[in-house]
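Engineer: Converting from the sequence shown to this note's numbering requires adding 141 to each position, the first position being numbered 1. Cβ atoms here follow ideal geometry from the backbone N, Cα and C, with glycine treated the same way.
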Amino acid sequence: MGIERTLINQKGKECLELASETKNSKSRKSRRRQRKMSQVQKLYDICKEVFATGGPDIIPPADDIQRLKSVLDGMTERDVGLSPNMSCFRRTTTDQLPRITYLHLHECDKFSIGIFCLPPSAVLPLHNHPGMTVLSKLLFGTMHIKSYDWAVDVTSDANPPGVRLAKVQVNSDFTAPNTSILYPADGGNMHCFTALTPCAVLDVLGPPYCDPEGRHCAYYLDFPFSSFSVDGVSVPEEERERYAWLQEREENPEDLTVVGGMYSGPKIVDN
């Protein structure tokens with residue numbers, strides 16, 4: 142009995158030691174996986190969670206937006222395999238506006254991830270994001286951003302034909318690192334980017350553009366408030382510079398050239 146008890150105790154001790162070793166081994170492997178996980182993979186995994194139940198005009202909870210922003214805030218061009226010295230950031234000698242390169246990382250019916258590469262003087266014209274929550278991270282460079290939301294705090298007897306009043310939300314230069322957030326109806330849903338230096342912008346859109354579902358990218362012309370005379374517009378004289386009239390373009394801007402590029406950064410794995 143004493144020998145059996147000793148053997149049982151010894152076997153129990155060995156089992157506990159083996160279980161502990163297995164647990165430690167799994168823990169070490171888990172830590173190694175976490176260390177090896179790229180920032181792009183982390184971004185994708187969080188997007189998959191945050192936008193899982195999302196849709197047009199559905200804004201994720203503030204805590205989830207902050208989770209996404211925290212990952213983006215920590216990302217640099219190295220995390221996506223980019224460098225300002227790459228050819229897509231060089232301006233060629235031409236009279237036309239420089240072409241913009243778009244790098245596709247992921248797109249599904251819930252969200253998309255992509256990068257716009259802009260040489261100096263490149264312009265991404267004023268455009269909208271219908272029903273979307275958008276996080277844009279300036280990975281490097283300096284750019285001028287001008288953004289609008291539709292004016293809901295102003296009443297008028299009638300709008301001029303073909304235009305609609307909008308309010309300026311941002312009209313400033315931004316230098317990396319910078320993460321901006323816009324929402325379906327506020328935060329600057331319609332914006333224009335002008336690269337002052339080579340720039341890379343990482344975009345997260347939830348949900349993405351989808352023509353069949355009515356989420357197409359519309360481009361706009363903007364006109365100063367003083368361009369039109371409208372009776373009954375309740376905008377104080379001193380604030381009229383903060384407003385503009387936007388007119389949707391019937392066709393995409395002729396001087397806009399966006400080409401697809403090959404993304405060479407860390408791959409995204411769909412877990």
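#1: When the Cα of Gly-402 is compared with those of Asp-198, Cys-229 and Asp-204, which residue comes out closest?
#2: Please state the DSSP three-state secondary structure of Tyr-185.
#3: Where does Gln-180 fall in DSSP's three states?
#4: Could you check whether Gly-329 and Val-311 sit closer than 7 Å to each other, using their CB atoms as the reference points?
#5: Helix, strand or coil, according to DSSP, for Ile-256 in the structure here?
#6: Cα separation between Pro-353 and Asp-290?
#7: Buried or exposed for Met-273, please, with buried defined as at least 16 other CB atoms from any protein chain shown within 10 angstroms of its CB.
#8: Taking 7 Å as the CB-CB limit, is Val-221 close to chain C?
#9: Between the stretch 388-401 and the stretch 306-322, are three or more C-beta pairs nearer than 8 Å?
#10: Could you tell me which whole beta strand (DSSP E) segments of length 3 or greater appear in the stretch 309-366?
#11: Using three-state DSSP, classify Phe-230 as helix, strand or coil.
#12: In its own chain, which residues sit with a C-beta less than 7 Å from the C-beta of Thr-338, not counting the 5 before and 5 after it?
#13: So, under 8 Å CB-CB, Asn-412 and Asp-186 are touching, yes? Tell me the CB distance rounded to an integer number of Å.
#14: Roughly how many whole angstroms lie between the Cα atoms of Leu-267 and Tyr-350?
#15: Looking only at its chain, what residues have a beta carbon closer than 7 Å to the beta carbon of Gln-175, apart from the 5 residues adjacent to it on each side?
#16: What did DSSP end up calling Lys-278 once you bin it into helix, strand or coil?
#17: Going by the DSSP bridge assignment, what does His-268 pair with across the sheet?
#18: Of the residues Leu-280, Ile-409 and Pro-325, which one's Cα is nearest the Cα of Gly-215?
#19: Between Glu-248 and Leu-223, what straight-line distance do the alpha-carbon atoms span, to the nearest angstrom?
#20: Run through DSSP, which three-state label would Ser-405 get?
#21: If you draw a straight line from the alpha carbon of Phe-369 to that of Ser-375, how long is it in whole angstroms?
#22: Give the straight-line distance between the Cα atoms of Ile-254 and Val-191, rounded to the nearest whole angstrom.
#23: Which residues bound the alpha helix (DSSP H) around Ser-211?
#24: With H, G and I counted as helix, E and B as strand and the rest as coil, what does DSSP make of Arg-305?
#25: Whose C-alpha, out of Gly-355, Lys-278 and Arg-383, is nearest the C-alpha of His-270?
#26: Can you give the Cα-Cα distance for Gly-322 and Asp-220, rounded to whole angstroms?
#27: Taking the straight line between their C-alpha atoms, what separation do you get for Ser-277 and Arg-383?
#28: Indicate the three-state DSSP secondary structure (helix, strand or coil) for Asp-220 in the structure shown.
Structural biologist: Working from what's here:
#1: One-based indexing of the sequence shown puts residue 402 at position 261. Among Asp-198, Cys-229 and Asp-204, the Cα nearest to that of Gly-402 belongs to Cys-229.
#2: In the sequence shown, counting from the first residue as 1, residue 185 sits at position 44. In this structure, Tyr-185 counts as helix in the three-state DSSP scheme.
#3: As a first step, residue 180 must be located in the sequence shown, where it is residue number 39. In the three-state reduction of the DSSP assignment, Gln-180 falls in the helix class.
#4: Walking along the sequence shown from the start, residue 311 turns up at place 170. Walking along the sequence shown from the start, residue 329 turns up at place 188. Cβ distance < 7 Å, so Val-311 and Gly-329 count as in contact.
#5: As a working note, residue 256 is residue 115 in the sequence shown. Correct three-state label for Ile-256: strand.
#6: As a first step, residue 353 is located in the sequence shown; it is residue number 212 there, counting from the start. As a first step, residue 290 is located in the sequence shown; it is residue number 149 there, counting from the start. Cα to Cα, Pro-353 sits roughly 24 Å from Asp-290.
#7: As a position in the sequence shown, residue 273 is number 132, starting the count at 1. It counts as buried.
#8: No chain C is present in this structure, which holds just one protein chain.
#9: no
#10: Entirely contained in the stretch 309-366, the beta strand (DSSP E) runs reaching 3 residues are, in chain order, 319-323, 331-336, 340-347 and 361-365.
#11: Numbered from its first residue, the sequence shown carries residue 230 at position 89. Three-state DSSP puts Phe-230 in a helix.
#12: Position 197 of the sequence shown, counted from the first residue, corresponds to residue 338. Same-chain partners within the cutoff: Pro-261, Gly-282 and Thr-283.
#13: As a first step, residue 412 must be located in the sequence shown, where it is residue number 271. As a first step, residue 186 must be located in the sequence shown, where it is residue number 45. Indeed they touch by this definition, with Cβ atoms about 7 Å apart.
#14: Residue mapping note: residue 267 aligns to position 126 of the sequence shown, counting from 1. Residue mapping note: residue 350 aligns to position 209 of the sequence shown, counting from 1. The alpha-carbon atoms of Leu-267 and Tyr-350 are separated by roughly 16 Å.
#15: Along the sequence shown, read from residue 1 onward, the residue named residue 175 stands at position 34. Model confidence at Gln-175 stands at a pLDDT of 46, short of 50, so the residue's coordinates are unreliable; what they give is reported in the following sentence. For Gln-175, where only same-chain residues beyond five positions count, there are no Cβ hits under 7 Å.
#16: Position 137 of the sequence shown, counting from 1, holds the residue named residue 278. Correct three-state label for Lys-278: strand.
#17: If you number the sequence shown from 1, residue 268 lands on position 127. Answer is His-332 and Tyr-360, bridged to His-268.
#18: On the sequence shown, residue 215 is found 74 positions in, with the first residue counted as 1. Looking at the Cα atoms, Leu-280 is the closest of the given residues.
#19: Here residue 248 is taken as the residue at index 107 of the sequence shown, counted from 1. Here residue 223 is taken as the residue at index 82 of the sequence shown, counted from 1. Near 20 Å, if we compare the C-alpha coordinates of Leu-223 and Glu-248.
#20: Residue numbering aside, residue 405 sits at position 264 when the sequence shown is read from its first letter. The answer is coil: DSSP assigns Ser-405 none of H, G, I, E or B.
#21: To locate residue 369, count along the sequence shown from 1; it is residue 228. To locate residue 375, count along the sequence shown from 1; it is residue 234. Approximately 14 Å, taken between the alpha carbons.
#22: Position 113 of the sequence shown, counted from the first residue, corresponds to residue 254. Position 50 of the sequence shown, counted from the first residue, corresponds to residue 191. Straight-line Cα distance between these residues: approximately 13 Å.
#23: Taking the sequence shown and counting its residues from 1, the one referred to as residue 211 is at position 70. Segment 203-214, the alpha helix (DSSP H) holding Ser-211.
#24: Numbered from its first residue, the sequence shown carries residue 305 at position 164. Arg-305: strand per DSSP, three-state reduction.
#25: For the purposes of this step, residue 270 is taken as the residue at position 129 of the sequence shown. Measuring from the Cα of His-270, the nearest candidate turns out to be Gly-355.
#26: If you number the sequence shown from 1, residue 322 lands on position 181. If you number the sequence shown from 1, residue 220 lands on position 79. Inspection of the sequence shows that residue 322 is occupied by Ile rather than by Gly. In a straight line, the C-alpha of Ile-322 is about 20 Å away from that of Asp-220.
#27: Residue numbering aside, residue 277 sits at position 136 when the sequence shown is read from its first letter. Residue numbering aside, residue 383 sits at position 242 when the sequence shown is read from its first letter. C-alpha separation (whole angstroms): 23 Å.
#28: For the purposes of this step, residue 220 is taken as the residue at position 79 of the sequence shown. In the structure shown, Asp-220 sits in a helix (DSSP, three-state: H, G or I).
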